[in-house]
Amino acid sequence: MSLNRHPQNPLLKPLNDSEWESYAAFNGTIVKKEEEYVLLYRAMGEEKLYKNRKLRLSVIGKASSTDGINFVQRIPFIQPENEWEQYGCEDPRATKIDNTYYIFYTALANYPPNHLGIRAAVAISNDLKTIQERHLVTPFNAKAMTLFPEKINGLYTVLLTVNPDEPPSSIAYAQFEKIETLWDTSFWEQWYENLKDYTLNLRRVNSDQVEIGAPPIKTSDGWLLVYSYIKHYLSDTLKKEFRIEALILDEKDPSKVIARMEKPLLVPETEYEKNGQVADIVFPEGALIEDETLKVYYGGADTNCSLATAHWPTLRKSFETNSPTSLKCEKFVNNPLLEPILSHLWESAGVCNSAAIKLDGKTFLIYRGFTKNNVSSLGLAVSEDGLFIDERLPEPIFPIRTDNEKPVRNGLGGGVEDPRITQIEDTLYMCYTAFNGEFWRLSFSSISISDFLSRRWDKWAFPKIISPPDTMDKDGVLFPEKINGKYVFFHRIEPNVVISSIDDLTFANNTFLKDEGIILPRNGYWDGVKIGINGPPIKTDKGWLVFYHGVSRIDGHYRIGALLLDLVDVTKIIGRTLYPILEPETKFEKEGVVNNVVFSNGHVVNGDEATIYYGGADKVICGAKISLNKLIDYCVRSENKKYLI
2 MSLNRHPQNP LLKPLNDSEW ESYAAFNGTI VKKEEEYVLL YRAMGEEKLY KNRKLRLSVI
62 GKASSTDGIN FVQRIPFIQP ENEWEQYGCE DPRATKIDNT YYIFYTALAN YPPNHLGIRA
122 AVAISNDLKT IQERHLVTPF NAKAMTLFPE KINGLYTVLL TVNPDEPPSS IAYAQFEKIE
182 TLWDTSFWEQ WYENLKDYTL NLRRVNSDQV EIGAPPIKTS DGWLLVYSYI KHYLSDTLKK
242 EFRIEALILD EKDPSKVIAR MEKPLLVPET EYEKNGQVAD IVFPEGALIE DETLKVYYGG
302 ADTNCSLATA HWPTLRKSFE TNSPTSLKCE KFVNNPLLEP ILSHLWESAG VCNSAAIKLD
362 GKTFLIYRGF TKNNVSSLGL AVSEDGLFID ERLPEPIFPI RTDNEKPVRN GLGGGVEDPR
422 ITQIEDTLYM CYTAFNGEFW RLSFSSISIS DFLSRRWDKW AFPKIISPPD TMDKDGVLFP
482 EKINGKYVFF HRIEPNVVIS SIDDLTFANN TFLKDEGIIL PRNGYWDGVK IGINGPPIKT
542 DKGWLVFYHG VSRIDGHYRI GALLLDLVDV TKIIGRTLYP ILEPETKFEK EGVVNNVVFS
602 NGHVVNGDEA TIYYGGADKV ICGAKISLNK LIDYCVRSEN KKYLI
């Protein structure tokens, strides 16, 4: 880990003879006040009858120290007074600005606590000795709010976790001219309506959770934010993993992440972090930099307060300025591009998984459409600019043609699925899945560009099955040029991507693809169950860039990432994205024929930009863009990286 635990940990433990903090004293935020260190923390006493309910009441305690290690004079500082905090005050975060201390905390209005009564509040103090006033801040579910210690572009700026008790939550920022706006309900109601405009996407995988940790610290590089990252937060099968992590936000733009550590600063390892009120938790709420030392005050097992430190200049070198988080695809605002058409029976139930090719300045999408009986054929849509659909043919351009595609029994489904198109000279070669309702195999056809543009669909070559007999095989794609004198294919024999080569594309004498190499899923990653190639590999100076999909063992979601392969030996992986670049987030990606799926079969490259066309929840077709140079650069630098993920 990057932080070193202090040998006197835990610095604060529950006091048996103190009624208000006999059960827990944790999640402390630190304030340096001249020569005094003030630690504000969450305290819990023994269970007792309170407002006719039996509970452990949370209050905010205060302790003082001359060295930031040995704390004394522990007293209750913020206790419930108002109806909106009547069942507890939790998890303080304190910031000094304009010679005033603003102490944000979580206010509980109901019991048992739920999203209707868990909100952010603020207490205001001139001297950290008395509280002059306090206010409920958010009219909606929120916690973990913190204030930047300086105005940004002349505006007060806060970070907060929104909807933490109605996941998925959001990390967001807000800015305003007057400090009184903090408790202006009308401001927050309008802000909440436009929450997406203020959201920071800090999750690497959308089954994880992020919560604001310590108040931001200004450094020469920008705002250092030490925060909580919780792996597998939304998983029903895997245990949650609490970590302390860090990133740097742009000094003038709090929505912009400019650097990030891709490994945790701290994970639960010691007895006081693993055993307590809630096991296996480290949670940061306070941090400061003194004499080039970063000091992080954190809660252990929701029971005690501890301290961990690092030499800041050395730790700063571990931050990546081009982190995986910055490599997320930018989704089209006009998504979805294509939806089912009820009056077209062949595509009335869903459209998805589109191949893409750019010809004569137009983008052609060859997509899978299927009936309510799940029988698939291929349709065509055309875009002049790659962003909006200008034409969509009413009939399939590639219907069922062979016995391998005909449903063997009514109600089973079947047909022509998931095309991938590769252009070599003046011919378009198409791999697709031939499915008879029980068994899928990889099939292959082709058409000349002139016939395709002239829409002579009868000119498609009669399909040939190219995958081995008695083997389930799909997700096939052809490289756009020969490698070492041979044509190379990727295809998926579950759960792996299989690499095969062949001398010619006629597949004479019933020739089938033979395994020559494999790319494996990665256990514990977002692609741990199975993987499959998306569109044709993209040749670059650094290697073959390949988009691929993976299925997570955490939640079963389909996501998209990238591989960079050696130009000559395509079995050699140069780099691989540690985290997905595209994942199900919107309603039409999360809800459909198959929920929580993004699945691409094709892309179009324009200079540094790749436009990825993908299916959402096996029902609609969408688009997204990403910078190739940034992606390739990250893949090159990711070689041999071993992170605890």
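Numbered according to the working numbering, the sequence shown terminates at residue 646, and the numbering increases by one at each position without gaps.
Don't be surprised by glycine CBs; every beta carbon is placed ideally from N, CA and C.
**Asked** Cα separation between Leu339 and Thr30?
**Response** Leu339 and Thr30 have their C-alpha atoms some 50 Å from each other.
**Asked** Got a sec? Which residues, its chain only, sit under 7 Å from Lys329 by beta carbon, not counting five neighbours each side?
**Response** Once the five neighbours on either side are set aside, the close Cβ partners of Lys329 are Asn202 and Ile582.
**Request:** Give, in chain order, every unbroken run of the alpha helix (DSSP H) that is at least 4 residues long and sits entirely within the stretch 270-346.
**Result:** Every alpha helix (DSSP H) stretch that sits fully inside the stretch 270-346 and reaches 4 residues is listed by chain position as 272-275 and 313-317.
**Item:** Assigned exposure category for Gly155 - 16 Cβ within 10 Å defines buried
**Value:** Exposed: under 16 other Cβ atoms inside 10 Å.
**Request:** Give the DSSP bridge partners of Gln74, in chain order.
**Result:** When beta bridges are read from the DSSP output, Gln74 appears opposite no residue.
**Message:** Relative to the C-alpha of Ile398, which candidate in Arg457, Val32 and Ser66 has its C-alpha closest?
**Reply:** Its Cα nearest to that of Ile398, the residue Arg457 stands out among Arg457, Val32 and Ser66.
**Message:** Just to confirm the assignment, what range does the beta strand (DSSP E) spanning Ile119 have?
**Reply:** From DSSP, the beta strand (DSSP E) with Ile119 extends over Ile119 to Ser126.
**Request:** Please report how far the alpha carbon of Pro173 lies from the alpha carbon of Val594, in whole angstroms.
**Result:** One point to set straight first is that residue 173 is Ala, not Pro, in the sequence displayed. So the alpha carbons of these two residues sit roughly 32 Å apart.
**Asked** In terms of residue numbering, what span does the beta strand (DSSP E) encompassing Ile61 cover?
**Response** From DSSP, the beta strand (DSSP E) with Ile61 extends over Ser59 to Ser66.
**Request:** Compare the Cα-Cα distances from Pro496 to each of Ile467, Ile180 and Gly551 and report the closest residue.
**Result:** Distances from the CA of Pro496 to each of Ile467, Ile180 and Gly551 were compared; the closest alpha carbon is that of Gly551.
**Request:** Hey, could you find the ends of the alpha helix (DSSP H) Gln191 is sitting in?
**Result:** For Gln191, the uninterrupted alpha helix (DSSP H) segment begins and ends at Thr186 to Glu194.
**Asked** Going by alpha carbons, who is nearest to Asp386 out of Arg54, Arg43, Arg75 and Val605?
**Response** Ranked by Cα distance from Asp386, the first of Arg54, Arg43, Arg75 and Val605 is Val605.
**Item:** Complete runs of the beta strand (DSSP E) confined to the stretch 199-282 [at least 3 residues]
**Value:** Segments of the beta strand (DSSP E) lying fully in the stretch 199-282: 210-212, 224-232, 242-250 and 258-261.
**Asked** Which stretch, first to last residue, makes up the beta strand (DSSP E) that contains Phe105?
**Response** Element bounds for Phe105: Thr101 to Leu109.
**Item:** Ile1, enclosing alpha helix (DSSP H) - first and last residue
**Value:** Given that the chain is displayed from residue 2 to residue 646, the structure contains no residue 1 and the question cannot be resolved.
**Request:** Report the option in Ala309, Lys275, Ile613 and Trp189 whose CA atom is closest to the CA atom of Asn142.
**Result:** Selected option, being the one with the closest Cα: Trp189.
**Asn111 versus Glu84, Ser170 and Pro464, residue with shortest Cα-Cα distance** = Considering only Glu84, Ser170 and Pro464, the residue with the shortest C-alpha distance to Asn111 is Glu84.
**Message:** So, for Gly46: in the same chain, excluding its five sequence neighbours on each side, which residues have a beta-carbon less than 7 Å away from its beta-carbon?
**Reply:** Closer than 7 Å at the Cβ level, and outside the excluded window around Gly46, lie Glu20, Trp21, Glu22, Ser23, Tyr24, Arg57 and Leu58.
**Message:** Judging by CA-CA distance, which residue of Lys620, Gln87 and Val637 is the nearest neighbour of Lys573?
**Reply:** From the listed residues Lys620, Gln87 and Val637, the smallest Cα separation to Lys573 is found for Val637.
**Asked** Mapping DSSP to helix, strand and coil, what is Ala350?
**Response** It is coil, neither helix nor strand.
**Item:** Backbone CA spacing between Asn71 and Pro269 [nearest angstrom]
**Value:** For Asn71 and Pro269, the distance between alpha carbons rounds to 23 Å.
**Request:** Could you give the DSSP three-state label for Trp461: helix, strand or coil?
**Result:** Three-state DSSP puts Trp461 in coil, outside helix and strand.
**Asked** Skipping 5 residues on each side, what residues in its chain have a beta carbon closer than 7 Å to that of Leu346?
**Response** Only Thr372 meet the Cβ criterion.
**Prompt:** Among residues of its own chain, excluding the 5 on either side of Glu517, which ones have a beta-carbon nearer than 7 Å to its beta-carbon?
**Reply:** Within the same chain, Glu517 has close Cβ partners Ile500, Ser501 and Ser502.
**Asked** Is there contact here, the stretch 544-564 with the stretch 236-244, by at least three beta-carbon pairs under 8 Å?
**Response** Contact check between the stretch 544-564 and the stretch 236-244: three or more CB pairs, one atom from each, fall below 8 Å, which counts as touching.
**Message:** Going by beta-carbon coordinates alone, are Lys219 and Gly69 separated by less than 8 Å?
**Reply:** Between Lys219 and Gly69, the C-beta spacing is not below 8 Å.
**Asked** Apart from the five residues just before and just after Ile448, which ones in its own chain have a Cβ nearer than 6 Å to its Cβ?
**Response** Counting only Cβ-Cβ distances below 6 Å, and skipping sequence neighbours, we find Leu429, Lys460 and Trp461.
**Prompt:** Would DSSP call Leu148 helix, strand or coil?
**Reply:** Strand, per DSSP.
**Item:** Cross-strand partners of Leu649 (DSSP beta bridge)
**Value:** Lying before the first or after the last residue shown, residue 649 is absent from the chain, which here runs from 2 to 646.
**Request:** Within the stretch 528-611, note down every full alpha helix (DSSP H) run reaching 4 residues or more, in order along the chain.
**Result:** Segments of the alpha helix (DSSP H) lying fully in the stretch 528-611: 588-591.
**Message:** For a test of the three-state rule: what should DSSP assign to Asp361, helix, strand or coil?
**Reply:** If DSSP states are grouped into helix, strand and coil, Asp361 belongs with coil.
**Message:** Given a cut-off of 8 Å on the beta-carbon distance, is the pair Gly277 and Ala309 in contact?
**Reply:** Note that the C-beta distance between Gly277 and Ala309 is not below 8 Å.
**Request:** Drop a sphere of 10 angstroms on the beta-carbon of Ser378, count the other beta-carbons inside from all chains shown, and report buried for 16 or more, exposed for fewer.
**Result:** The residue is buried, with at least 16 neighbouring Cβ atoms inside 10 Å.
**Request:** Keeping to the same chain, check which residues put their C-beta closer than 8 Å to that of Pro481; ignore five residues upstream and five downstream.
**Result:** The answer, listed in chain order, is Thr423, Gln424, Ile425, Pro537, Pro538 and Lys540.
**Request:** Have a look at Phe284 and Gly214 and give me their C-alpha separation to the nearest angstrom.
**Result:** For the pair Phe284 and Gly214, the Cα-to-Cα distance works out to about 7 Å.
**Prompt:** With which residues is Leu366 paired in a DSSP beta bridge?
**Reply:** In the DSSP secondary-structure assignment, Leu366 is bridged to Ala357 and Ala382.
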